[in-house]
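In our numbering, the protein residues as written are 11 to 226.
All C-beta atoms in this analysis are idealised placements derived from N, C-alpha and C, irrespective of residue type, glycine included.
A quick note: this is a predicted structure, and the numbers were derived from the prediction, not measured.
Let me begin by presenting the structure, written as structure tokens, before commenting on it.
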């Protein structure tokens with residue numbers, strides 16, 4: 011935890027003040043309740059201890075959130091960054107893969123897919139000027155395969171208005187639910203079964219993507 015704290019403080023200057031604030035707030039509340047509501051020393055001590063434990067817990071929660079954000083800031087803009095989010099940060103009820111469903115082997119732009127209660131979400135990685143066509147093609151594929159299922163698109167890249175990497179998982183949870191859990195599994199299985207092979211097999215470093223050789 012100390013190593014995580016040191017890394018977070020190095021890349022996020024607001025982490026320490028926020029952690030201190032998260033710790034002090036419950037402690038102050040505990041002290042106030044101890045002096046205002048306690049009728050004896052034992053109850054007073056319990057309120058103070060509860061405030062301290064609450065402060066420690068809140069500080070740890072803040073550290074976890076800021077550490078995750080700091081970690082993503084180190085890989086933001088790199089090929090495969092969205093895949094890292096899909097692998098480690100998808101919230102409960104969402105299904106996704108670290109492997110993209112579409113890749114431009116020259117520019118390393120990619121499209122990722124997640125399926126959840128909110129329907130199908132396609133996430134583009136790269137400038138919108140290059141990924142717009144890829145995104146439209148993948149959206150048409152999804153519409154043909156699972157008609158009547160809502161399709162949402164999210165852009166992650168350098169463009170103004172693009173979704174920051176650390177907010178991708180949160181953006182998925184804000185989508186209005188339209189599928190049941192059973193339907194989510196059926197849609198995901200249907201799309202996965204029709205997924206064509208990509209130029210990069212699972213386990214290959216996205217930074218080493220090369221265009222497939224043309225047959226002679």
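Going by C-alpha positions, residue 130 is about 35 Å away from residue 17.
Taking 4 residues as the minimum length, the segment 94-120 contains no alpha helix (DSSP H) run wholly inside it.
Residue burial annotation: residue 13 is exposed, with fewer than 16 other C-beta atoms found within 10 angstroms of its C-beta. Taking residue 93 as the centre and dropping the five residues before and after it, the same chain places the C-beta of 108 closer than 6 Å to its C-beta, in chain order. DSSP places residue 131 inside the beta strand (DSSP E), whose first and last residues are 129-135. By the criterion of at least three beta-carbon pairs nearer than 8 Å, the segment 61-68 is in contact with the segment 31-51. Secondary structure of residue 173 (DSSP, three-state): coil.
In this chain, the beta strand (DSSP E) harbouring residue 164 covers 161-166. Across the set 53, 19, 79, 140, the C-alpha of 140 shows the shortest separation from the C-alpha of residue 118.
Of the residues 122, 178, 76, 188, the one whose Cα lies closest to the Cα of residue 201 is 122. Distance check between residue 167 and each of 100, 88, 153 places 88 closest, using alpha-carbon atoms only. By the Cβ neighbour-count rule, residue 134 is buried, with 16 or more other Cβ atoms within 10 Å of its own.
According to the DSSP assignment, residue 22 belongs to no alpha helix (DSSP H), since it is labelled neither H nor E. In the DSSP assignment, residue 192 falls within the alpha helix (DSSP H) that extends over 191-203.
Looking from the CA of residue 101, the closest CA among 190, 182, 15 belongs to 182. In the three-state scheme derived from DSSP, where H, G and I count as helix and E and B as strand, residue 64 is classed as helix.
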